[in-house]
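What follows is a short report on a single structure.
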Ligand SMILES: Nc1ncnc2c1ncn2[C@@H]1O[C@H](COP(=O)(O)OP(=O)(O)O)[C@@H](O)[C@H]1O
Ligand SMILES: [Mg+2]
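Numbering (our numbering), first residue to last: 17 to 332.
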């Protein structure tokens with residue numbers, strides 16, 4: 017697999033378009049009541065993380081219940097991908113507490129489907145989409161399925177077909193994945209992450225290499241997986257606009273701090289101004305969407321968004 021780093025601008029120049037809250041979404045009080053410490057799929061309390069000698073974020077309080085859709089938002093370099101790594105147990109918190117399915121992070125990774133940031137396939141890659149999906153059951157082995165007994169092999173094949181159908185990829189799953197479009201590849205990767213029936217999906221900017229119609233379609237697919245199949249989703253987004261109508265909750269990260277809650281509570285001029293310590297304005301467009309103006313980028317990585325295709329610099 018040859019990852020191609022594709023730096024993308026947010027859809028809205030100079031700002032970051034963010035959604036109004038989904039009708040019927042939870043407010044913080046309701047969310048706290050529905051996802052108590054015991055039944056939370058994810059629970060963070062006063063969590064902080066330090067990387068390379070500096071605190072990326074701190075004071076993060078968050079509870080995510082079954083079948084809830086949470087977005088992790090914030091400027092480039094603020095530590096969004098790092099948050100997913102914390103949930104996977106790949107990085108410890110330096111303060112506070114993190115629980116995933118009631119246990120320490122890393123202990124329930126077989127119940128988690130994870131899509132890392134910026135993955136795509138070289139056009140000359142001949143492995144079929146269906147084989148990539150199958151890897152979600154075979155623990156990442158390329159090509160050769162594990163020597164399962166016949167019954168397990170049949171069950172595995174049925175599950176692969178099932179998730180391929182769920183993501184709407186049946187038409188192209190037998191094509192070499194390198195010849196599939198970005199949206200098709202993304203659906204196949206989501207199917208791969210779903211193959212082992214995870215309770216929690218961690219998706220790192222799964223929309224960022226897609227055109228607008230594909231962003232909406234894949235966002236709707238993820239919303240369906242979350243709300244209909246009961247899979248909790250934590251999705252990192254640079255532009256949260258495409259997930260406008262699907263979100264239950266957001267975690268907005270700023271250098272050092274964080275705000276969590278329903279989108280309509282967190283994405284306000286007052287909350288973001290307090291969070292960033294600099295004037296940030298949230299405007300409501302005529303179609304009901306919110307546009308954030310004045311959100312500072314993290315200086316150390318500000319230029320990453322302007323890297324040309326192929327740069328590995330931001331392929332974290
Ligand atoms: N293993 C690491 N060692 C040192 N610095 C790191 C490491 N991982 C990430 N960083 C730094 O932490 C910051 C946040 O990274 P990341 O979580 O990838 O941000 P985001 O996903 O919000 O763009 C970046 O400045 C990055 O360079
Ligand atoms: Mg990232």
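No residue lacks a Cβ here, since even glycine has one placed at the ideal position from N, Cα and C.
Does at least one heavy atom of ligand 2 sit under 6 Å from the Cβ of residue 96? Checking the Cβ of residue 96 against ligand 2 gives yes.
Do you know how far the Cα of residue 300 is from the Cα of residue 312? 19 Å
Looking at residue 211: is its Cβ nearer than 7 Å to the Cβ of residue 152? Contact: yes.
Closer than 6 Å to a non-hydrogen atom of ligand 2 - does that hold for the CB of residue 133? yes
Sequence ranges, beta strand (DSSP E) only - wholly within the region 263-305, length at least 3: With a minimum length of 3 residues, the continuous beta strand (DSSP E) runs that stay inside the region 263-305 are 265-270, 273-277 and 297-300.
Which residues in the same chain have their Cβ closer than 8 Å to the Cβ of residue 243, if we skip the five residues on either side of it in sequence? 83, 85 and 262
Residues near residue 148 by beta carbon distance below 6 Å, same chain, minus five either side: Within its own chain, the residues whose Cβ lies closer than 6 Å to the Cβ of residue 148, once the five positions on either side in sequence are excluded, are 193, 204 and 208, listed in chain order.
Quick one: Cα of residue 188 to Cα of residue 57, how far? 33 Å
With a 10 Å radius around its C-beta and 16 neighbouring C-beta atoms as the bar for buried, classify residue 70 as buried or exposed. exposed
For residue 223 and residue 213, I'd like the C-alpha separation in whole angstroms. 22 Å
With a CB to CB cut of under 6 Å and the five nearest residues on each side skipped, what residues in its chain are close to residue 250? 86 and 218
Comparing the CB of residue 304 with every heavy atom of ligand 1, is any distance shorter than 6 Å? no
Determine which residues share a DSSP beta bridge with residue 74 and list them. DSSP links residue 74 through a beta bridge to no other residue.
Judging by CA-CA distance, which residue of 225, 61, 302 and 103 is the nearest neighbour of residue 199? 225
Take every Cβ of the region 57-67, pair it with every Cβ of the region 102-115, and state whether three or more of those distances are shorter than 8 Å. yes
Give me the residue from 169, 167, 195 and 144 with the minimum Cα distance to residue 356. Nothing in the structure corresponds to residue 356, since the chain is present only between 17 and 332.
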